[in-house]
Amino acid sequence: MSNFLEPKVTKNYKDEIRHIGFELEFANIEIEDVLSILEKKFGFNIKKVNNYLFKIDSKYGDFILELDFELLTQQKIPKNIKELSKKIGIEIKEEDIENIEKIIGELSKDIVPYEISTPPLPLNEVSIIHKIIKELAKNHAKGTKYKIYYAFGLHINIEVISLDVKSLLSYTRAYLILQNYINKDAKIDLARKITPFIDNFKDEYIKYVLDKSYNPSIDEFIEDYLKFNPTRNRSLDLLPILTFINEDKVRAKLPEEKIKPRPAFHYRLSNSMIGKEGWEISEEWNRWILVENLANDKESLNFLAKEYLTHLDNIINLSTWEGKVESWLNH
Numbered sequence: 003m004s005n006f007l008e009p010k011v012t013k014n015y016k017d018e019i020r021h022i023g024f025e026l027e028f029a030n031i032e033i034e035d036v037l038s039i040l041e042k043k044f045g046f047n048i049k050k051v052n053n054y055l056f057k058i059d060s061k062y063g064d065f066i067l068e069l070d071f072e073l074l075t076q077q078k079i080p081k082n083i084k085e086l087s088k089k090i091g092i093e094i095k096e097e098d099i100e101n102i103e104k105i106i107g108e109l110s111k112d113i114v115p116y117e118i119s120t121p122p123l124p125l126n127e128v129s130i131i132h133k134i135i136k137e138l139a140k141n142h143a144k145g146t147k148y149k150i151y152y153a154f155g156l157h158i159n160i161e162v163i164s165l166d167v168k169s170l171l172s173y174t175r176a177y178l179i180l181q182n183y184i185n186k187d188a189k190i191d192l193a194r195k196i197t198p199f200i201d202n203f204k205d206e207y208i209k210y211v212l213d214k215s216y217n218p219s220i221d222e223f224i225e226d227y228l229k230f231n232p233t234r235n236r237s238l239d240l241l242p243i244l245t246f247i248n249e250d251k252v253r254a255k256l257p258e259e260k261i262k263p264r265p266a267f268h269y270r271l272s273n274s275m276i277g278k279e280g281w282e283i284s285e286e287w288n289r290w291i292l293v294e295n296l297a298n299d300k301e302s303l304n305f306l307a308k309e310y311l312t313h314l315d316n317i318i319n320l321s322t323w324e325g326k327v328e329s330w331l332n333h
């Protein structure tokens, strides 16, 4: 796994090797150069959907490369212009529509990132994303911090080890305990912090879930999550896994949210630091391993849950919670 640390549990809920997916945002490189790298360096086959959306066939499954701008990838600009032309009774030529789309595409490239999404990769083959990033960086691709308005993220989709509520609860508790420490350790960019997309869980939900008396059924766990977190905008988004388990319940509560059901945690916190000297994507994965380790260590999980609840209830604390977590990690 190269520099990727291995989780304690390597098998999924079907007793097969776990899979991990990555979604990486970046800019400062032409899409044609990205396609050339994927085709020539890695032998992938390019399937063009439109000028801003490509499917890339590989032995792992389909990678997706797109300009992260729905107006272009879903070709809404041509559709909207055609509808407008009918309403106002003026015919707009197809080539003029294409030119308008190209102009918008060119103007947006400096503020809208490209995004490459991997298929679910077997745990023992995730180093392919490290190799792809290395090649992109060689060709001057850049991520967060390269420009003040580059609020680019890295999302990791981690296949669950079990669909049982006790396992999901352990992982949720582990993340709630560690979220502030991970946020600090990862030095999350200010441009991303001020957006709502990676909000931390609120104290009200943390206290509710860490209470030792909280022993929900799967339906109760889903209902409670939706009550406190009726949004995808959490640094750890549980909606994909909860929708995978009970789609009707989640859709009934959040009919407008765009949720892809999958048996995975959607970890959204990390910066995309492509192009930064010395940065490797394994650093971000290895922070998630802290969650894996704590979730599968019942004694430590119970101890830290009790400690964190005490910390949250105290009016005055002599040390930060992040500092306490760091001390525990180093003990």
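Numbers given in the numbering used here equal positions in the sequence shown, counted from 1, plus 2. C-beta: ideal position from N, C-alpha, C; glycine also.
CA-CA distance, residue i and residue j?
| i | j | result |
| --- | --- | --- |
| Asp221 | Thr174 | 15 Å |
| Gly325 | Leu331 | 10 Å |
| Ser329 | Ser172 | 21 Å |
| Ser339 | His142 | Outside the modelled stretch of the chain, which goes from 3 to 333, sits residue 339, for which no answer is possible. |
| Leu13 | Glu279 | What sits at residue 13 in the sequence shown is Lys, not Leu. The straight-line gap from Cα to Cα measures roughly 34 Å. |
| Ile135 | Ile276 | 7 Å |
| Glu270 | Gln181 | With the sequence shown as reference, residue 270 is identified as Arg, and Glu is not the correct amino acid for it. Between Arg270 and Gln181, the C-alpha separation is close to 12 Å. |
| Thr322 | Phe203 | 17 Å |
| Glu2 | Gly45 | Nothing in the structure corresponds to residue 2, since the chain is present only between 3 and 333. |
| Glu137 | Val211 | 43 Å |
| Ala254 | Lys140 | 46 Å |
| Phe6 | Trp287 | 7 Å |
| Leu67 | Pro121 | 11 Å |
| Phe246 | Arg264 | 5 Å |
| Asp239 | Asp166 | 18 Å |
| Lys78 | Asp299 | Here Lys78 scores only 39 on pLDDT, less than 50, and its place in the model should not be relied on; the value that follows carries that caveat. Computed Cα separation, rounded: 49 Å. |
| Tyr216 | Ile22 | 29 Å |
| Trp54 | Pro124 | For clarity, residue 54 is Tyr in the given sequence; the question names Trp instead. Going by the C-alpha atoms only, they are around 28 Å apart. |
| Ala297 | Asn52 | 42 Å |
| Ile318 | Glu32 | 52 Å |
| Asp17 | Ile150 | 44 Å |
| Glu2 | Trp281 | Residue 2 falls outside the range modelled here, since the chain spans only 3 to 333, and no answer is possible. |
| Asn316 | Lys144 | 43 Å |
| Tyr15 | Asn159 | 15 Å |
| Lys214 | Asn126 | 36 Å |
| Ser302 | Thr312 | 15 Å |
| Lys43 | Tyr62 | 16 Å |
| Lys49 | Asn30 | 23 Å |
| Asp226 | Asn304 | 20 Å |
| His333 | Val327 | 10 Å |
Do residue j and residue i have their beta-carbon atoms positioned less than 8 Å apart in this structure?
| i | j | result |
| --- | --- | --- |
| Tyr177 | Val11 | no |
| Asn47 | Ile39 | no |
| Ser164 | Asp201 | no |
| Glu25 | His157 | yes |
| Leu306 | Ile184 | no |
| Val36 | Tyr116 | yes |
| Ala188 | Ala153 | no |
| Lys209 | Leu314 | yes |
| Val114 | Leu69 | yes |
| Phe28 | Ser274 | yes |
| Glu206 | Phe230 | yes |
| Ile190 | Pro9 | no |
Could you have a look at residue i and say whether DSSP puts it in helix, strand or coil?
| i | result |
| --- | --- |
| Ser321 | coil |
| His132 | helix |
| Ser329 | helix |
| Asn5 | coil |
| Lys229 | helix |
| Glu18 | coil |
| Glu25 | strand |
| Val51 | strand |
| Glu68 | strand |
| Phe223 | helix |
| Leu59 | Leu is not the amino acid found at residue 59; the sequence shown has Asp there. Reduced to three states, the DSSP call for Asp59 is strand. |
| Ile33 | helix |
Compute the beta-carbon to beta-carbon distance between residue i and residue j, rounded to the nearest angstrom, for a pair I have assumed lies under 8 Å.
| i | j | result |
| --- | --- | --- |
| Leu241 | Arg234 | 6 Å |
| Ile19 | His132 | With 8 Å as the limit, Ile19 and His132 do not qualify as a contact, their Cβ atoms being about 18 Å apart. |
| Pro232 | Leu256 | 6 Å |
| Phe267 | Val162 | 7 Å |
| Ser119 | Phe65 | 7 Å |
| Ile224 | Lys260 | Wrong, their Cβ atoms sit about 18 Å apart, outside the cutoff. |
Is residue i near the ligand FAD, in the sense that its beta carbon is under 7 Å from a heavy atom of that ligand?
| i | result |
| --- | --- |
| Asn235 | You won't find the ligand FAD in this model; it holds no ligand whatsoever. |
Handout entry: 3 or more residues per run - each beta strand (DSSP E) lying fully within the segment 147 to 208
Key = Those beta strand (DSSP E) runs which fall completely within the segment 147 to 208 and span 3+ residues are 156 to 161.
Exercise for the section: Counting only runs of 3+ residues fully inside the segment 237 to 305, write out the beta strand (DSSP E) ranges in chain order. Expected result: 266 to 269, all fully within the segment 237 to 305.
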